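A.B. asks:
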Amino acid sequence: MFDVDFILGHLNYWLFTVLMMTGLYIVVAKGNLIKKIVGLNLFQTAVFMFYISLGKVTGGTAPIFPIDMQIDPTVVYSNPLPHVLILTAIVVGIATTSLGLALIVRIREEYDTIEEDEILAIETELVRLENKELGDAMGGRA
Amino acid sequence: MATEHVHVARTFVDHLPILVVLVPFLAAPFTVLIGSRRLAWPIAFLASLASFLISVKLLLQVLDGGVISYHIGGWAPPMGIEYRIDAANAFVLLLVSAIGTIVMPYTVQSIKFEISERHHTLFYTAYLLCFTGLLGVVATGDAFNVFVFLEISSLSTYVLVAMGAKQDKRALTAAYDYLIMGTIGATFFVIGIGFLYAGTGTLNMADIAAYISLHGTDRTIMTAFAFIVVGMGLKVAIYPLHLWLPNAYTYAPSAVTAFLAATATKVAIYVLLRFMFSVFQPEFLFEMNAVRWLMMPLALVAMFAASLIAVFQSDLKRMLAYSSIAQIGYILLGISLLSATGLSGAIVHLFNHGITKAALFMGVGALVLRSGSSFYARIEGMGKVMPWTSFAIVIAGLSLIGVPGTAGFISKWVLVQAAIEQGWWWIALAVVASSLLAIIYVWRVIEVLYMKQPADPTPREAPLSMLIPMWIMALSTIWFGLDTELTMTAARAAADGLLNGFTMGGH
Chain A
1 MFDVDFILGH
11 LNYWLFTVLM
21 MTGLYIVVAK
31 GNLIKKIVGL
41 NLFQTAVFMF
51 YISLGKVTGG
61 TAPIFPIDMQ
71 IDPTVVYSNP
81 LPHVLILTAI
91 VVGIATTSLG
101 LALIVRIREE
111 YDTIEEDEIL
121 AIETELVRLE
131 NKELGDAMGG
141 RA
Chain B
1001 MATEHVHVAR
1011 TFVDHLPILV
1021 VLVPFLAAPF
1031 TVLIGSRRLA
1041 WPIAFLASLA
1051 SFLISVKLLL
1061 QVLDGGVISY
1071 HIGGWAPPMG
1081 IEYRIDAANA
1091 FVLLLVSAIG
1101 TIVMPYTVQS
1111 IKFEISERHH
1121 TLFYTAYLLC
1131 FTGLLGVVAT
1141 GDAFNVFVFL
1151 EISSLSTYVL
1161 VAMGAKQDKR
1171 ALTAAYDYLI
1181 MGTIGATFFV
1191 IGIGFLYAGT
1201 GTLNMADIAA
1211 YISLHGTDRT
1221 IMTAFAFIVV
1231 GMGLKVAIYP
1241 LHLWLPNAYT
1251 YAPSAVTAFL
1261 AATATKVAIY
1271 VLLRFMFSVF
1281 QPEFLFEMNA
1291 VRWLMMPLAL
1301 VAMFAASLIA
1311 VFQSDLKRML
1321 AYSSIAQIGY
1331 ILLGISLLSA
1341 TGLSGAIVHL
1351 FNHGITKAAL
1361 FMGVGALVLR
1371 SGSSFYARIE
1381 GMGKVMPWTS
1391 FAIVIAGLSL
1401 IGVPGTAGFI
1411 SKWVLVQAAI
1421 EQGWWWIALA
1431 VVASSLLAII
1441 YVWRVIEVLY
1451 MKQPADPTPR
1461 EAPLSMLIPM
1471 WIMALSTIWF
1481 GLDTELTMTA
1491 ARAAADGLLN
1501 GFTMGGH
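Protein sequences appear in the order of chains A and B. In this text, residue positions in the first sequence follow the working numbering: the first is 1, and each later residue adds one. In this text, residue positions in the second sequence follow the working numbering: the first is 1001, and each later residue adds one.
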């Protein structure tokens, strides 16, 4: 029933899946804003692993041609394209992380906390005040 | 019918497909380097105007069903990156660049009030980057390139939303939530592209499509489809994935909301369309009835639930945000009908809803400028204080309902036609019934604006730089409601191009 070779042969994909799910779980389950960003990073890194796995060719070497350009057709090269794509994705990931951290700094300045439940409590209070002042008369909720 | 222009880029005109993206892209760092608050606006305006003119030229070139294929750096696809312009994306390019350009004069007075002064230069930089990203997503024919441009536009969008922090600190948490959800969506999308690459060995969209139609599909490609639809669904704000939208639209500066509401979700819908119909073949899609049985119920739920929530809001801006979710439901409904008429209905509603919402959010921005807030309780009686702004809101509101003679009517009419064409009269009834909910929430606005006494009855109309863009949008909702030549021709051409001559018999 279980194809052991299939499971072991795709070990890198299993790792990718586990890492991805771990990251996604942290983003959803943790209340600390910085921990969420860390989870997001794990999630993105898992995708990098996935792409790099795709580029692996069995028995392939680094895709660098010899300096004299005497290319031996029997030599197998790995696929460099996914690596190039992931360089771009890494840059995007760094930009996202830094923007997220910058936002957290600003949030801490304004709310004096980076715990989601405390922020939520502050915002609920704000909405309650708005409702009292502006919403009730209009028969709706602010 | 579909003639492919052989690519030899010799003249200036041959380079237009890249220039439409490149001009705002280069102008963005330029505004920072010059660093002058006074010069930032003219640079940004000229760049967006140039993009707009190029988009008009591109649309005229492809309206007959032709395709422009531009090879970046002269590298032929599928190895090189290709920019591929056909009727569908030329139409969306036109929408994005037109809105981007028309909102630009509006920003001057609006951000003076809503954003602190030291951020003004950077506001235009972020605006241009967002504009570049949206245009790039639409123009490119390379799957990974879509992801890169998507992230350029998304990252600058988060910055733009966070700039609302001067008005309300909740803009920061709204931007943070948007960042988390948007990144999860984009990462899902990039996983999908990875699976597509694993399954087909290419990243060029036309090449992927050719591979799939030749070799059929397998589990890898179906997984890719699922990841791409869910990832893009987050950016589109398909009903259960819409949670980022209300806060982001409510707390972003008004000019940003006007621009984003009209373009960002629309571009995401375009990507969804492009992948569902051009990359994955319609035949393949029909095998996957899941799309119909998943997307149509979600679209219907969005149409009713979001409209119902909108009825009970007491903040005009938040009400319009919920109404946007409902209107996205209409567009998805048109897509899920999987017919040429349904698809052209979706595309024309994408355009019409874009201009309607731009007019409405610009109106809200003008009200905020004079009354300090968009709560109903604060804008009571503004019809007497700001007659021009209020009347523009009324016109756009009528278009939101779908009153005959406005743009909103045309697209709903096509949607109803598409539903009846397939014999699904109850879908047609649902479209009409949810429009009744729209009457309620638009009527509440009219009641607040015209039938209450203003707190301070001195007339103080919004400045002309805000009124003129607002009225261009409001009048164009009427124009495109009466003269449907341009929108319907372009939408038909786009739908035919997407379905690629494939017609559905029955269901």
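Note that beta-carbon positions come from the ideal geometry of N, C-alpha and C, so glycine has one too. Given the structure is predicted, the values throughout are model-derived calculations rather than measurements.
Which of the three DSSP states, helix, strand or coil, is assigned to residue 1375 of chain B?
C.D. replies: Numbered from 1 along the second sequence, position 375 holds the residue referred to as residue 1375 of chain B. Correct three-state label for residue 1375 of chain B: strand.
A.B. asks: Got a sec? Which residues, its chain only, sit under 6 Å from residue 1050 of chain B by beta carbon, not counting five neighbours each side?
C.D. replies: Mapped onto the second sequence, residue 1050 of chain B falls at position 50. Here the set comprises 1023.
A.B. asks: Compute the Euclidean distance between the alpha carbons of residue 1496 of chain B and residue 1407 of chain B, then round it to the nearest angstrom.
C.D. replies: In the second sequence, counting from the first residue as 1, residue 1496 of chain B sits at position 496. In the second sequence, counting from the first residue as 1, residue 1407 of chain B sits at position 407. If you take the alpha carbons of residue 1496 of chain B and residue 1407 of chain B, they lie about 22 Å apart.
A.B. asks: Mark residue 1257 of chain B as exposed unless 16 or more other C-beta atoms lie within 10 angstroms of its C-beta, in which case mark it buried.
C.D. replies: Start at 1 with the first residue of the second sequence, and residue 1257 of chain B comes out as number 257. That one is buried.
A.B. asks: Can you tell me which of B:1094, B:1368, B:1318 puts its alpha carbon nearest to the alpha carbon of residue 1378 of chain B?
C.D. replies: Counting from 1 along the second sequence, the entry for residue 1378 of chain B is found at position 378. Out of B:1094, B:1368, B:1318, B:1368 has the C-alpha closest to the C-alpha of residue 1378 of chain B.
A.B. asks: Distance cutoff 9 Å, beta carbons only. Does residue 1324 of chain B sit that close to anything in chain A?
C.D. replies: By one-based count along the second sequence, residue 1324 of chain B stands at place 324. It does not; no Cβ of chain A falls within 9 Å.
A.B. asks: Output the boundary residues of the beta strand (DSSP E) element that contains residue 1071 of chain B.
C.D. replies: For the purposes of this step, residue 1071 of chain B is taken as the residue at position 71 of the second sequence. From DSSP, the beta strand (DSSP E) with residue 1071 of chain B extends over 1068-1071.
A.B. asks: Going by beta carbon distance, what residues of the same chain come within less than 8 Å of residue 1480 of chain B, once the five residues before and after it are set aside?
C.D. replies: Position 480 of the second sequence holds residue 1480 of chain B. Hits under 8 Å: 1351, 1352, 1355, 1407, 1410, 1486, 1487.
A.B. asks: For the alpha helix (DSSP H) that residue 110 of chain A lies in, which residues bound it at each end?
C.D. replies: Stepping through the first sequence from its first residue, residue 110 of chain A is reached at position 110. Element bounds for residue 110 of chain A: 81-111.
A.B. asks: Go through its chain and collect everything with a Cβ distance to residue 1384 of chain B's Cβ below 7 Å, but skip five positions before and after it.
C.D. replies: In the second sequence, the residue the question calls residue 1384 of chain B occupies position 384. Result list for residue 1384 of chain B: 1454, 1457, in chain order.
A.B. asks: Along the segment 35-50 of chain A, what residues have a CB closer than 7 Å to any CB found in chain D?
C.D. replies: This model lacks chain D altogether, as its protein chains are A and B.
A.B. asks: List the endpoints of the continuous beta strand (DSSP E) containing residue 1084 of chain B.
C.D. replies: Here residue 1084 of chain B is taken as the residue at index 84 of the second sequence, counted from 1. Where residue 1084 of chain B is concerned, the enclosing beta strand (DSSP E) stretches over 1082-1085.
A.B. asks: Just to confirm the assignment: which complete alpha helix (DSSP H) runs, minimum length 4, are found wholly within the segment 1148-1217 of chain B?
C.D. replies: List check, alpha helix (DSSP H) in window: 1170-1200, 1205-1215.
A.B. asks: Do the CB positions of residue 1401 of chain B and residue 1427 of chain B come within less than 9 Å of each other?
C.D. replies: Working through the second sequence from its first residue, we reach residue 1401 of chain B at position 401. Working through the second sequence from its first residue, we reach residue 1427 of chain B at position 427. Not closer than 9 Å, so no.
A.B. asks: Which residues mark the beginning and the end of the alpha helix (DSSP H) in which residue 1338 of chain B is found?
C.D. replies: The residue given as residue 1338 of chain B occupies position 338 in the second sequence. No alpha helix (DSSP H) holds residue 1338 of chain B; DSSP gives it neither H nor E.
A.B. asks: How is residue 142 of chain A classed by DSSP in three states: helix, strand or coil?
C.D. replies: Walking along the first sequence from the start, residue 142 of chain A turns up at place 142. Residue confidence for residue 142 of chain A is low, a pLDDT of 46 falling below 50, so the modelled location carries little weight; the figure read from the coordinates is stated next. If DSSP states are grouped into helix, strand and coil, residue 142 of chain A belongs with coil.
A.B. asks: Are residue 1363 of chain B and residue 1328 of chain B close, meaning C-beta to C-beta below 9 Å?
C.D. replies: For the purposes of this step, residue 1363 of chain B is taken as residue 363 along the second sequence, with counting starting at 1. For the purposes of this step, residue 1328 of chain B is taken as residue 328 along the second sequence, with counting starting at 1. No, Cβ-Cβ distance for residue 1363 of chain B and residue 1328 of chain B is not below 9 Å.
A.B. asks: Of all Cβ atoms in chain B, is any one closer than 9 Å to the Cβ of residue 131 of chain A?
C.D. replies: Taking the first residue of the first sequence as position 1, residue 131 of chain A is located at position 131. Chain B contact via Cβ: present.
A.B. asks: Using DSSP with H/G/I as helix, E/B as strand and the rest coil, what is residue 1313 of chain B?
C.D. replies: Counted from its first residue, the second sequence places residue 1313 of chain B at position 313. Here residue 1313 of chain B sits in strand by DSSP.
A.B. asks: Against residue 1219 of chain B, what residues of chain A qualify as contacts under a CB-to-CB distance less than 7 Å, listed in chain order?
C.D. replies: The count along the second sequence starts at 1 and reaches residue 1219 of chain B at position 219. Within chain A, no residue comes near residue 1219 of chain B; the closest Cβ sits about 13 Å away, beyond 7 Å.
A.B. asks: Are the Cβ atoms of residue 1226 of chain B and residue 1490 of chain B separated by less than 9 Å?
C.D. replies: For the purposes of this step, residue 1226 of chain B is taken as residue 226 along the second sequence, with counting starting at 1. For the purposes of this step, residue 1490 of chain B is taken as residue 490 along the second sequence, with counting starting at 1. Cβ atoms of residue 1226 of chain B and residue 1490 of chain B: not closer than 9 Å.
A.B. asks: For residue 1319 of chain B, which residues from the same chain have a beta carbon less than 7 Å from its beta carbon, with the 5 sequence-adjacent residues on both sides left out?
C.D. replies: Within the second sequence, the letter at position 319 stands for residue 1319 of chain B. Within the same chain, residue 1319 of chain B has close Cβ partners 1310, 1313, 1441.
A.B. asks: Considering only residues of the same chain and omitting the five flanking positions on each side of residue 1147 of chain B, which have a CB-CB separation below 8 Å?
C.D. replies: For the purposes of this step, residue 1147 of chain B is taken as the residue at position 147 of the second sequence. 1186, 1189, 1190, 1193.
A.B. asks: Measuring alpha carbon to alpha carbon, tell me which of B:1253, B:1055, B:1444, B:1414 ends up nearest residue 1333 of chain B.
C.D. replies: Position 333 of the second sequence, counted from the first residue, corresponds to residue 1333 of chain B. Here the closest residue by C-alpha is B:1414.
A.B. asks: Among B:1298, B:1222, B:1196, B:1029, which has the Cα closest to the Cα of residue 1236 of chain B?
C.D. replies: Position 236 of the second sequence holds residue 1236 of chain B. For the residues B:1298, B:1222, B:1196, B:1029, the minimum Cα distance to residue 1236 of chain B belongs to B:1298.
A.B. asks: Can you pull the chain B residues whose beta carbon is under 9 Å from the beta carbon of residue 22 of chain A, in chain order?
C.D. replies: Counted from its first residue, the first sequence places residue 22 of chain A at position 22. Neighbours of residue 22 of chain A on chain B: none; closest Cβ ~14 Å, over 9 Å.
A.B. asks: Taking Cβ-Cβ distances shorter than 8 Å, what residues in chain A pair up with residue 1179 of chain B?
C.D. replies: Within the second sequence, the letter at position 179 stands for residue 1179 of chain B. Per Cβ cutoff of 8 Å: 96, 99, 100, 103.
A.B. asks: At the level of alpha carbons, what is the spacing between residue 1031 of chain B and residue 1307 of chain B?
C.D. replies: Here the question's residue 1031 of chain B lines up with position 31 in the second sequence. Here the question's residue 1307 of chain B lines up with position 307 in the second sequence. If you take the alpha carbons of residue 1031 of chain B and residue 1307 of chain B, they lie about 40 Å apart.
A.B. asks: Determine, using beta carbons only, whether residue 25 of chain A comes closer than 9 Å to chain B.
C.D. replies: Residue 25 of chain A sits at position 25 when you count from the first residue of the first sequence. Residue 25 of chain A does not count as touching chain B.
A.B. asks: Would you give the residue range spanned by the alpha helix (DSSP H) that residue 1123 of chain B belongs to?
C.D. replies: Counting from one through the second sequence, the residue named residue 1123 of chain B turns up at place 123. Run containing residue 1123 of chain B: 1120-1139, per the alpha helix (DSSP H) assignment.
A.B. asks: Once DSSP output is grouped into helix, strand and coil, what is the label at residue 1484 of chain B?
C.D. replies: If you number the second sequence from 1, residue 1484 of chain B lands on position 484. Note: residue 1484 of chain B maps to coil in three-state DSSP.
A.B. asks: Report all residues from its chain with a CB closer than 7 Å to the CB of residue 1462 of chain B; omit the five preceding and five following residues, and keep chain order.
C.D. replies: Here residue 1462 of chain B corresponds to residue number 462 of the second sequence, with the count starting at 1. Around residue 1462 of chain B: 1366, 1369, 1370, 1386, 1389.
A.B. asks: How many Å lie between residue 1033 of chain B and residue 1417 of chain B at the Cα?
C.D. replies: What you label residue 1033 of chain B is simply residue 33 of the second sequence in a count that begins at 1. What you label residue 1417 of chain B is simply residue 417 of the second sequence in a count that begins at 1. Rounded to whole angstroms, residue 1033 of chain B to residue 1417 of chain B spans 53 Å at the Cα level.
A.B. asks: Just mark residue 1079 of chain B as buried or exposed, buried being the case when its beta carbon has 16 or more other beta carbons within 10 Å.
C.D. replies: Along the second sequence, read from residue 1 onward, the residue named residue 1079 of chain B stands at position 79. That one is exposed.
A.B. asks: For a contact defined as C-beta to C-beta under 9 Å, what are the partners of residue 1243 of chain B on chain A?
C.D. replies: Counting from 1 along the second sequence, the entry for residue 1243 of chain B is found at position 243. Per Cβ cutoff of 9 Å: no residues; residue 1243 of chain B is ~12 Å from chain A at best.
A.B. asks: Following the continuous alpha helix (DSSP H) through residue 1012 of chain B, name the residue where it begins and the one where it ends.
C.D. replies: Counting from one through the second sequence, the residue named residue 1012 of chain B turns up at place 12. First-last for residue 1012 of chain B: undefined, no H or E at that position.
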